[in-house]
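Chemist: Residues 1 to 138 (our numbering) make up the sequence shown, in order.
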Amino acid sequence: MNRKLFLHLFLSSALLTVIACKSKESKTTSNGDPKEVVTRFYKYVALHNVAGIRSVSTSGSRQAIDMMSLAFAQADAEEKPDETDALEALKNIVLAEPQVNGDRATVAVEDTVKKSRAVVSLVKNGSEWQVDLTKSQR
């Protein structure tokens with residue numbers, strides 16, 4: 001699969017699968033709850049906020065984030081996402097309760113409009129949960 005197609009599929013999957021959660025973003029910056037971390041991750045993806053994505057992801061996710069950043073830059077060159085529209089699209093996303101197993105967790109995500117699903121993997125680093133893009137699956 002060529003790189004451009006992979007980037008497009010990855011971005012589409014992320015945006016269509018998890019562009020929102022019905023719960024609101026926490027007012028704190030703590031990464032202590034897997035579900036909250038996944039919610040913030042998808043909000044950052046919808047807004048093309050690479051720094052935000054990095055803040056809730058493992059260091060091992062760097063390559064995937066770099067690829068997302070390139071795709072965002074290409075998409076933003078055509079048209080930057082409207083914040084209101086991006087956040088509105090997040091309302092279609094439902095997150096299941098986290099499945100925690102020691103220092104690992106998964107959160108199932110469903111886009112109720114697109115009828116797509118994904119499983120986001122997280123790893124606990126100290127007291128904070130981080131999205132692990134090397135393990136997440138569609």
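Every residue, glycine too, gets a C-beta built ideally from N, C-alpha and C.
These numbers were taken from a predicted model, which means no experiment stands behind them.
#1: Whose C-alpha, out of Lys-115, Ile-53, Tyr-44 and Gln-130, is nearest the C-alpha of Ile-93?
#2: Is Val-38 helix, strand or coil when you go by DSSP?
#3: If we ignore side chains and look at the alpha-carbon of each, how far apart do Trp-129 and Gln-99 end up?
#4: Within the same chain, show all residues whose beta-carbon is closer than 6 angstroms to that of Phe-41, passing over the 5 residues directly before and after it, in chain order.
#5: Per DSSP, what kind of secondary structure is Asp-103 in: helix, strand or coil?
#6: What would DSSP say about Asn-92, mapped onto helix, strand or coil?
#7: For Asp-76, which residues in the same chain have their Cβ closer than 7 angstroms to its Cβ, ignoring the five residues on either side in sequence?
#8: Am I right that Val-38 and Leu-95 are in contact with their C-beta atoms under 8 angstroms? What's the rounded C-beta distance?
Modeler: Let me lay it out:
#1: Lys-115
#2: helix
#3: 13 angstroms
#4: Val-56 and Val-131
#5: coil
#6: helix
#7: His-48
#8: 6 angstroms
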